[in-house]
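To start, the structure itself, in structure tokens.
Chains as they are written, first to last, in this note's numbering: chain A, 280 to 482; chain B, 4 to 160.
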């Protein structure tokens, strides 16, 4: 018997098959957006009690239906909001905050622990403006927290917090336990007291 | 000298397409890894606002999505012009969020529950009145972890 050579498999249609799969995946999938501003909502209460807060310890941010900003009764551009919030938070009026670099203005907040930012929207404010304001206020807190965290531990607070909150970190022994006191410490230094009032409904 | 004449066959040789499958497979694998399956068809417009103080969301098993926006062009005749909420793949009332959160919780491990985050994918032109209503509903079922999902960018411009 003559020895026959095995015939070669024709791979010409391989490209077509691969294209078919590729197009299938292109159609059925999306590139996901998986980032955003994390916030913790307050617990729901029927009649929220109004805690006694000194007027100078509140930074009032109002956004009206035309998306204009009123900060402590003054019209403000959104570009200046971050700096205004930072100045307010670390003002250190009563001098009890050793790590603050504020101006110790007696008409502004006593210390970061007491300082509250109160945000109020109109029902007609657009979500875009709301996010921009949120972004600036959150940025002010993170700027201060990062600064303290860098000074004390050499890493930014943002990184620590992400690892601390990541469910995958549970797998590494002792990682969460090690980070917990650090994260809590920084959170205590600049507690995020960002309250949101109910918007006036007029729609 | 006939040795040298052999090459000259005149016609241009065909381009080899043997590596074409490899290239396409490479693209295929890129898309398979970089994208996620669409889980719901959006019936509303959903252009997210920009922000730069963002944190990445954790794995998908810890996230539930709530969409809001104006009904898109082809649904406008049936759904109207005003901002609506979409849960999974159907348009819902704000009041239905409660049951949605409860059923999302039930479909997950009890261990994962405390990491469960509500990702709010809200169109940038939605009015705050609706957003506030959504938040109120979430608070009522104690779903306090929220993420205002945004695209990366400077919000001021």
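Quick reminder that beta carbons are idealized off the backbone N, C-alpha and C, glycines included.
It should be emphasised that the depicted structure is a prediction, and the values quoted were computed from it without experimental measurement.
- Listed along the chain, the chain B residues whose CB falls inside 7 Å of the CB of residue 293(A) are 24.
- Annotated three-state conformation of residue 401(A) is strand, per DSSP.
- Close CB contacts of residue 153(B) within its chain, under the 8 Å cut and outside five residues either way in sequence, are with 51, 52, 53, 54, 57 (chain order).
- Within the model, the alpha-carbon separation for residue 145(B) versus residue 328(A) is close to 18 Å.
- Excluding residues up to 5 positions away in sequence, 428, 458, 461, 462 lie with their Cβ nearer than 7 Å to the Cβ of residue 439(A) in the same chain.
- Two segments are said to touch when three or more pairs of C-beta atoms, one from each, lie closer than 8 Å; by this definition the segment 369-378 of chain A does not touch the segment 101-110 of chain B.
- In this structure, residue 157(B) sits away from residue 317(A), with a CB-CB distance that is not shorter than 7 Å.
- Identification of chain B residues near residue 309(A) by a Cβ-Cβ cut-off of 7 Å yields 38, 39, 41, ordered along the chain.
- In the pairwise beta carbon analysis, the segment 327-342 of chain A is classified as not touching the segment 12-20 of chain B: fewer than three pairs are separated by under 8 Å.
- Proximity of residue 100(B) to chain A, defined by a Cβ-Cβ separation below 7 Å, is not satisfied.
- In the structure shown, residue 329(A) falls within a coil segment according to DSSP collapsed to helix, strand and coil.
- With three or more CB-CB distances shorter than 8 Å, the segment 123-142 of chain B counts as touching the segment 88-97 of chain B.
- Per DSSP, the continuous beta strand (DSSP E) segment holding residue 317(A) begins and ends at 314-319.
- The contact set of residue 96(B) on chain A, defined by CB atoms closer than 9 Å, is empty, because the minimum CB distance reaches about 16 Å.
- Its chain contains 395 as the residues whose beta carbon lies nearer than 6 Å to that of residue 472(A), once the 5 sequence neighbours on both sides are disregarded; these appear in chain order.
- Identification of residues in the segment 358-370 of chain A having a C-beta nearer than 8 Å to some C-beta of chain B yields 358, given in sequence order.
- From the listed residues 444(A), 464(A), 420(A), the smallest Cα separation to residue 148(B) is found for 444(A).
- Counting only unbroken stretches of 4 or more residues, the alpha helix (DSSP H) elements lying wholly within the segment 434-473 of chain A are 436-444, 454-468, in sequence order.
- DSSP, read as helix, strand or coil, puts residue 347(A) in coil.
- Secondary-structure assignment with DSSP links residue 90(B) through a beta bridge to 69(B), 93(B).
- For residue 367(A), the closest of 347(A), 357(A), 358(A), 385(A) by C-alpha to C-alpha distance is 385(A).
- Boundaries of the alpha helix (DSSP H) harbouring residue 135(B): 131-143, taken from the DSSP string.
- Scanning chain A for C-beta atoms nearer than 8 Å to the C-beta of residue 137(B) yields nothing, as the closest lies near 10 Å away.
- The alpha-carbon of residue 414(A) is positioned some 24 Å away from that of residue 87(B).
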